[in-house]
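Numbering (my numbering), first residue to last: 0 to 428. In this text, a Cβ means the ideal position worked out from N, Cα and C, and glycines have one as well.
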Ligand code: DSN
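Listed below in structure tokens is the structure:
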């Protein structure tokens, strides 16, 4: 088994060392296609594992409830400065432990319990925190949900796109206090301008949840919602390629309320080791090479989508303009569910996640869809040719799913491909 470079620090704990080595092996010998994952840089991982994990620092720079925060204050200030510069925002809060926390903090900061929020429905591409019945958000606020346009098989006029007529009609009918733009399973570019227009028409706040596309925005591959939205929240570990966590940027007028909602509203002590790692990631994302990277993510997704379509998969929304492709499996094989596809692909060394598609007749646990993304393997150096190859590997494994030999052969081919694209090759001496 390949050694993990961090083994040396924990070799006295054999059980954890063994588990980390196994995960190292899994991540570097199989394909990582989960659209919300990426390979963080060694610098990001080093900061995440740094001495800052020892420090309690409830509060904000210059206003802490504990002593000894002179250095931590500088770390957090650096992260905030880098983030406001990266996105051109007035104010940044880098403390949210996750994207879900960040979203709830936004609602808590700017709304009263019971207020109406207009957001995208989970099965149409929205996030759990956009008012899913399973999320606490739906118990506190009154969510009204918009969706996507009906399916269309006309390549000139694709369907399953955000239905702005529906957004506007619902906004006029329900007069929400807030409109949420942003999605978790939507392969098209989300333009903030029409959302702002509708929000202005009904006097609503605009919250852009850019969890998935924050990196594409930072790299300039997608439009920046900051000039349009009152508040923008995101995760730092998806296309942005930082440590696992969340962040919020907002207009100055909302800054105090946002800060109060994150701490003490939602959280206690911030994770300053993660905040240092966020600072590292924001600096990495500000480099010209990051724009090259995010453009490549999108180009790879387009090539992947084309190759998957030629294997017989139906592309939800007719294609992709971001880092993900959402597949409707029913035309490839009417019997194949997302759950089975995910399990077969796992056996073949291809990591994906099942996902509901718009108007999915199957439950969220079974699904008719599969979501794949290109951010991680683009970090590993893969280009359009490799993604075309991956589409063919996926189709082979799924067609031959009842034959263990076929699945094993795909797994071997995946390992061969991954051997040339180890994201940490230069990190392992
Ligand atoms: N919704 C998860 C995802 O996109 O994978 C993250 O919250």
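Fill in: DSSP-derived helix/strand/coil call for residue 39
If you number the chain shown from 1, residue 39 lands on position 40. Looking at residue 39 - three-state DSSP - the assignment turns out to be coil, as it is neither helix nor strand.
Item to complete: Using 10 angstroms around the beta-carbon of residue 156, count the other beta-carbons present and answer buried if the total reaches 16, otherwise exposed.
Response: Along the chain shown, read from residue 1 onward, the residue named residue 156 stands at position 157. Around the beta carbon of residue 156, a 10 Å sphere encloses fewer than 16 other beta carbons of the protein chains shown; the residue is thus reported as exposed.
Worksheet entry | Limits of the unbroken beta strand (DSSP E) element including residue 331 | What you label residue 331 is simply residue 332 of the chain shown in a count that begins at 1. No beta strand (DSSP E) holds residue 331; DSSP gives it neither H nor E.
Item to complete: Using beta-carbon positions only, say whether residue 19 and residue 417 come within less than 8 Å of one another.
Response: Taking the chain shown and counting its residues from 1, the one referred to as residue 19 is at position 20. Taking the chain shown and counting its residues from 1, the one referred to as residue 417 is at position 418. No, they are not a contact pair.
Worksheet entry | Secondary structure of residue 94, DSSP reduced to three states | If you number the chain shown from 1, residue 94 lands on position 95. Assigned with DSSP and collapsed to three states, residue 94 falls in coil, not helix or strand.
Worksheet item: If we ignore side chains and look at the alpha-carbon of each, how far apart do residue 205 and residue 233 end up?
Response: Start at 1 with the first residue of the chain shown, and residue 205 comes out as number 206. Start at 1 with the first residue of the chain shown, and residue 233 comes out as number 234. Rounded to whole angstroms, residue 205 to residue 233 spans 14 Å at the Cα level.
Worksheet item: Under the rule that 16 or more other beta-carbon atoms within 10 Å means buried, what is residue 124, buried or exposed?
Response: To locate residue 124, count along the chain shown from 1; it is residue 125. So residue 124 ends up on the buried side.
Worksheet item: With distances taken between CB atoms, is the gap from residue 117 to residue 253 smaller than 8 Å?
Response: Position 118 of the chain shown, counted from the start, is the residue given in the question as residue 117. Position 254 of the chain shown, counted from the start, is the residue given in the question as residue 253. When the beta-carbon positions are compared, residue 117 and residue 253 stay at least 8 Å from each other.
Discussion item. Using a Cβ distance threshold of 8 Å, determine whether the segment 266–274 contacts the segment 75–89, with at least three qualifying pairs required.
Written reply: Touching, per the Cβ criterion.
Fill in: Between the CA atoms of residue 98 and residue 432 - distance to the nearest angstrom
This structure does not reach residue 432, given that the chain is present from 0 up to 428, and the question cannot be answered.
Discussion item. Per DSSP, what are the beta-bridge partners of residue 208 in this structure?
Written reply: As a first step, residue 208 is located in the chain shown; it is residue number 209 there, counting from the start. Paired residues: 232.
Worksheet item: Between which two residues does the alpha helix (DSSP H) carrying residue 305 extend?
Response: Here residue 305 corresponds to residue number 306 of the chain shown, with the count starting at 1. Taken as a continuous stretch (DSSP letters only), the alpha helix (DSSP H) holding residue 305 covers 287–309.
Worksheet item: Any idea if residue 7 is buried or exposed, counting beta-carbon neighbours within 10 angstroms, 16 or more meaning buried?
Response: Your numbering for residue 7 matches position 8 in the chain shown. So residue 7 counts as exposed.
Worksheet item: When the Cα of residue 181 is compared with those of 248, 149, 200, 224, which residue comes out closest?
Response: Numbered from its first residue, the chain shown carries residue 181 at position 182. Closest by alpha carbon: 224.
Worksheet item: For the ligand DSN, any of its heavy atoms closer than 7 Å to the Cβ of residue 137?
Response: Numbered from its first residue, the chain shown carries residue 137 at position 138. Using a cutoff of 7 Å, the CB of residue 137 does not count as near the ligand DSN, since none of the ligand's heavy atoms is closer than that.
Practice prompt. Could you tell me whether the Cβ atoms of residue 114 and residue 176 are closer together than 8 Å?
Written response: Along the chain shown, read from residue 1 onward, the residue named residue 114 stands at position 115. Along the chain shown, read from residue 1 onward, the residue named residue 176 stands at position 177. Going by C-beta atoms, residue 114 is nearer than 8 Å to residue 176.
Discussion item. Could you check if residue 214 belongs to the surroundings of the ligand DSN, using beta carbon to heavy atom distance under 7 Å?
Written reply: Against the chain shown, residue 214 aligns to sequence position 215. Not so, every heavy atom of the ligand DSN lies at least 7 Å from the Cβ.
Practice prompt. With a threshold of 16 other CB atoms inside 10 Å of the CB of residue 26, please say whether the residue is buried or exposed.
Written response: If you number the chain shown from 1, residue 26 lands on position 27. It is buried - the Cβ of residue 26 has at least 16 other Cβ atoms within 10 Å.
Worksheet item: Below 8 Å, can you find three or more Cβ-Cβ pairs linking the segment 64–73 to the segment 231–251?
Response: The segment 64–73 and the segment 231–251 do not touch, with fewer than 3 CB-CB distances between them shorter than 8 Å.
Worksheet entry | Other residues of its chain near residue 259: CB distance less than 8 Å, five sequence neighbours each side excluded | On the chain shown, position 260 is the one that residue 259 refers to. Taken in chain order, the residues that qualify are 108.
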